[in-house]
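Participant: Taking my numbering, I'd label the letters of the sequence shown as residues 11 to 254.
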Amino acid sequence: RVANSIYPGTDVEVMGSYRRGAKSGHDIDCLLTNPQFPDVLPPGCLSRVVAALERRDGRGILTDHLSLPSEHKPKGLFAKPQKDAFDDKKPMAEEPEPPSANSNYSYMGVCLLRDTHRRIDMKFYPRVSLPFAQLYFTGNAYFNRSMRLYAKQAGFSLSDHGLCKTRRRKVGKTWYITAKSKSLPAKDEREVFELLGLKWVEPKDRNAYDAVAEQKMGDAGDEVGIEELSQSQSGSEGDWVTRF
């Protein structure tokens with residue numbers, strides 16, 4: 011309701027463990043998009059939502075900020091200038107760099123709902139990033155790592171912003187991206203799976219790394235799982251994961 015009062019037409023989805031159908035979760039993950047912002051978000055969009063949700067005089071739900079959007083100008087709970095935690099003589103930058111066209115705005119904090127404090131994360135994305143953001147923000151972490159691992163081995167780079175074709179070069183034991191295309195378009199999450207040649211997985215089933223399966227059928231009609239794929243590569247799976 012608050013987001014729509016500021017930017018009419020804003021869609022807010024609860025993601026994470028809630029979308030996967032879990033009975034409980036440790037935080038609330040909210041994904042915001044608006045068809046008015048197909049490619050680029052307006053400066054300060056999430057900061058305006060955060061400011062409107064700050065708890066004052068018994069109204070609002072945000073009680074504490076843990077991480078503010080990169081373009082946030084301190085107000086309300088953060089009205090005083092902040093300083094570097096490791097150097098009290100070094101003030102923090104007051105004017106962050108302007109966001110890129112492909113950026114998202116992220117917020118982490120604590121909210122008060124029904125007399126209980128809960129962790130809350132909010133992310134605002136350009137509409138074009140919605141399918142990729144939904145995939146990323148649904149999780150779980152193991153499933154996301156498997157998806158990115160498969161995409162990497164297939165010659166792509168998968169993130170919450172898009173799916174890009176890449177060219178990589180190995181230097182020593184490390185692979186580096188030397189060229190990257192624009193993101194392939196996708197109208198929804200299912201199409202992201204199709205672009206990678208992967209079997210669609212319902213959100214409720216994304217709770218393990220081996221839920222990712224390729225739509226590649228051999229003579230016996232067997233699906234190729236991510237575990238088999240990772241074992242066929244040189245180096246351990248852990249080596250790949252740390253470089254995402």
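Beta carbons are placed, not taken as given, at the ideal position from N, Cα and C, and that holds for glycine.
Nearest by alpha-carbon distance to HIS75: which of ALA61, GLY68, ARG69 and ASP67 is it?
Facilitator: Considering only alpha carbons, the answer is ALA61.
Participant: Can you tell me whether DSSP reads TYR17 as helix, strand or coil?
Facilitator: Coil, per DSSP.
Participant: Apart from the five residues on each side of it in sequence, which residues of its chain come closer than 7 Å, Cβ to Cβ, to TYR28?
Facilitator: Around TYR28: GLY35.
Participant: Three or more C-beta pairs under 8 Å: does that hold for the stretch 166-178 against the stretch 196-206?
Facilitator: Yes, since at least three Cβ pairs between the stretch 166-178 and the stretch 196-206 fall closer than 8 Å, the two stretches touch.
Participant: With a threshold of 16 other CB atoms inside 10 Å of the CB of ASN14, please say whether the residue is buried or exposed.
Facilitator: Its Cβ having fewer than 16 others within 10 Å, ASN14 is exposed.
Participant: Extract the residue ranges of the alpha helix (DSSP H) inside the stretch 15-73, only unbroken runs of 4 or more that lie entirely within it.
Facilitator: Counting only runs of 4 or more, we get 26-29 and 55-63.
Participant: Note down the Cα distance separating PRO79 from TYR117, rounded to an integer number of angstroms.
Facilitator: Rounded to whole angstroms, PRO79 to TYR117 spans 5 Å at the Cα level.
Participant: Can we say the stretch 47-60 touches the stretch 142-160, given the rule of at least three CB pairs closer than 8 Å?
Facilitator: Not touching, per the Cβ criterion.
Participant: First and last residue of the beta strand (DSSP E) that includes VAL211?
Facilitator: First-last for VAL211: undefined, no H or E at that position.
Participant: Distance check for ALA143 and ARG66, CA to CA, integer angstroms please.
Facilitator: Near 31 Å, if we compare the C-alpha coordinates of ALA143 and ARG66.
Participant: Quick check on the burial criterion: 16 or more other C-beta atoms within 10 angstroms. Buried or exposed for ARG11?
Facilitator: Exposed, by the Cβ-count rule.
Participant: Would LYS192 and CYS174 be called neighbours here (beta carbons separated by less than 8 Å)?
Facilitator: Yes; because the gap between Cβ atoms is below 8 Å, this pair is in contact.
Participant: Within 10 Å of its beta-carbon, does ALA223 have 16 or more other beta-carbons around it, so buried, or fewer, so exposed?
Facilitator: By the neighbour-count rule (16 or more Cβ atoms within 10 Å), ALA223 is buried.
Participant: Between ILE71 and ARG179, what straight-line distance do the alpha-carbon atoms span, to the nearest angstrom?
Facilitator: Cα-Cα distance, rounded: 48 Å.
Participant: What is the C-beta distance between CYS121 and THR73, in whole angstroms, given that I count them as a contact (C-beta under 8 Å)?
Facilitator: Right, the Cβ-Cβ distance comes to about 7 Å (below 8 Å), so this counts as a contact.
Participant: Can you tell me which of LEU140, ILE187 and TYR186 puts its alpha carbon nearest to the alpha carbon of ARG200?
Facilitator: Taking only the C-alpha atoms, the option nearest ARG200 is LEU140.
Participant: What three-state label does DSSP hand LYS93 in the structure shown?
Facilitator: Because the pLDDT of LYS93 is 40, which lies under 50, any placement of that residue in the model is unreliable, and the number read from its coordinates should be weighed accordingly. LYS93: strand per DSSP, three-state reduction.
Participant: Measuring alpha carbon to alpha carbon, tell me which residue in CYS55, SER156 and THR148 is nearest MET25.
Facilitator: It is THR148 whose Cα lies nearest to the Cα of MET25.
Participant: I need the DSSP call for ARG124, collapsed to helix, strand or coil.
Facilitator: In this structure, ARG124 counts as coil in the three-state DSSP scheme.
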